[in-house]
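Colleague: One structure, as structure tokens, below. Some questions next.
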Amino acid sequence: MGLLDSLENNPALRSALGQLGAAVLPAVLSEVMGSNNQGGLGAIVAKLQQAGFGDQVKSWLGNGQNLPISADQLRAVLGNDTVRQLAARYNIPVDQLGEILAQELPKAVDQASPNGHLPHGA
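Laid out in structure tokens, this is it:
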């Protein structure tokens, strides 16, 4: 079972998302972390490092505690337009989407990098 599959069954996220159905969350995360507009998880990690969030990314890649990133910081890296478009497409409040992404992106990077680095093509 992959990360996106397990998110469908996360009761905390399901209740926090309100009108967003559990089936939509994996689609949103897949769109952000997939190869669509952002270039994949590796490209997002590179953007975060270039934007000065190297310590956070390093903690996500390592085996220890994941350092947090705020919704505003993540929105600045992904781009306000991208986040607004996703929120509109899935009928999710922008602030709520930002919070969800800020919570889930570190987990996604952590799970995708069990050996301390992302696999090629991630």
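Sequential numbering of the sequence shown, starting at 4, is according to this note's numbering. We treat Cβ as the ideally placed atom computed from N, Cα and C, and that holds for glycine. Fair warning: this is a prediction, and the values are worked out from it, not measured in the lab.
(1) Could you check if Q59 is buried or exposed, using at least 16 other CB atoms within 10 Å of its CB as the buried criterion?
(2) Would you mind giving the Cβ-Cβ distance between N69 and D113, rounded to the nearest angstrom? I have them listed as a contact below 8 Å.
(3) Which complete alpha helix (DSSP H) runs does the segment 36 to 90 hold, if anything under 4 residues is left out?
(4) Which same chain residues end up closer than 6 Å to L77 when comparing Cβ atoms and leaving out the 5 residues on each side of it in sequence?
(5) In three-state DSSP terms, what is L121?
Modeller: According to the structure shown:
(1) buried
(2) 6 Å
(3) 44 to 53, 57 to 64 and 74 to 81
(4) L104 and A105
(5) coil
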